[in-house]
Amino acid sequence: MKNKLNKELAVCGFAAVKTLEKNNPEKIRRLYFTKERSPLFGGLCKAMSKRKAPYNVVEPNELEKLCGSIHHQGVVAMIDEPKIIPIDTKILNDIISRNEHTILLDRVGNANNLGAIVRSAAFFGIKNIVIPNDEAQSSITTSSYRVAEGGMEFVNIYCTDSILKLLKSVEGKMVRIGTDLSARKTVGEIQSLCREKPALIILGNEESGISEAVRKNCDELVIIPFYGIKSGKASPVDSLNVAQAASIILYELLKK
């Protein structure tokens, strides 16, 4: 939940706030927690006291008002509203020079899915995620921060005004890999597709997948094999949740 007046974002969830405390405590402008949680934030309160940042013990209903969720887990930290940096040529060249695999989201609209993808990216050591400046794309929210379980502190999220321009700008420099139900190659082949260049993994919208224009600008398309694929039978469900798919793809990309 954003406080537009103060340009703040509420970060809730125990793991998210504790990871924030450990890695970027200076981000926390204000801290609120229940009486039960207070013994777990003594060190942070001392640090905040030194820089004269307020913290308070409050009732659970106050936390719910602050973050707009019943899933606060007894603590809410208010931080500056995150500024998502537009990705430019220099940033892209740095990513490519470091041979860093990157995730590009094509209108993933659910904040929880974004948070789960960030969590998986952090787990597998993927440092960069790019999202479009599009109303259909979820941005950094209280929900995505909480679901990421601390992953937001380890992943850089960039934005782009044009996915297609971004795809064209990395042509020949990164292997642009999209997910598609009609793909002939499986996700198990993904390592062999990008042995010499870093991968740009494109994950699509929850309902329609990657757009046709994006599909045409991919170097490779892969599918996650489903039950019955070898026998030609249809899958009992259309596809995996995009966040589940992200975890499988990143595992296959990085497994030894």
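Residues in the sequence shown are numbered consecutively from 6, following our numbering. We put the CB at the ideal spot given by N, CA and C, even for glycine.
Count the other CB atoms, across all protein chains shown, that sit within 10 Å of the CB of residue i; report buried if there are 16 or more and exposed otherwise.
i	result
G120	buried
I108	buried
R200	exposed
E191	In the sequence under discussion, the amino acid at residue 191 is Thr, which differs from the Glu named in the question. Classification of T191: exposed, given that the 10 Å Cβ count is below 16.
D93	exposed
N138	exposed
Under 8 Å between the Cβ atoms of residue i and residue j?
i	j	result
R34	I84	yes
M179	A218	no
A267	G156	The chain is shown only over 6 to 261; residue 267 falls outside these bounds and no answer can be derived.
V22	V63	no
I215	L198	no
I89	Y37	no
L14	E86	yes
I229	A250	yes
D185	L226	yes
I134	L110	yes
L97	V16	no
List the endpoints of the continuous beta strand (DSSP E) containing residue i.
i	result
N115	That residue, N115, is in no beta strand (DSSP E); it is neither H nor E in DSSP.
L5	Past the edges of the chain, shown from 6 to 261, lies residue 5, and the structure says nothing about it.
A15	13 to 17
N161	161 to 165
D85	80 to 85
Measure the beta-carbon distance from residue i to residue j and round it to whole angstroms, keeping in mind my assumption that it falls under 8 Å.
i	j	result
S143	V123	About 11 Å separates the two Cβ atoms, so there is no contact after all.
G209	E257	Not a contact, Cβ separation roughly 17 Å.
L255	I131	6 Å
Let me check you understand the geometry: is the CB of residue i closer than 7 Å to at least one non-hydrogen atom of the ligand FAD?
i	result
K178	This structure lacks the ligand FAD, and indeed carries no ligand of any kind.
For the alpha helix (DSSP H) holding residue i, just list the boundary residues, first then last.
i	result
I254	247 to 259
Legend entry - Contained beta strand (DSSP E) runs [length at least 3] in the region 172 to 235, N- to C-terminal order: 180 to 184, 204 to 209, 225 to 228
Inset, instruction - Taking only runs that begin and end inside the region 97 to 152, name each unbroken beta strand (DSSP E) of 3 or more residues, in chain order. - result: 107 to 111, 133 to 137
Inset, instruction - Entirely within the region 38 to 62 and at least 3 residues each: give me those beta strand (DSSP E) ranges in chain order. - result: 60 to 62
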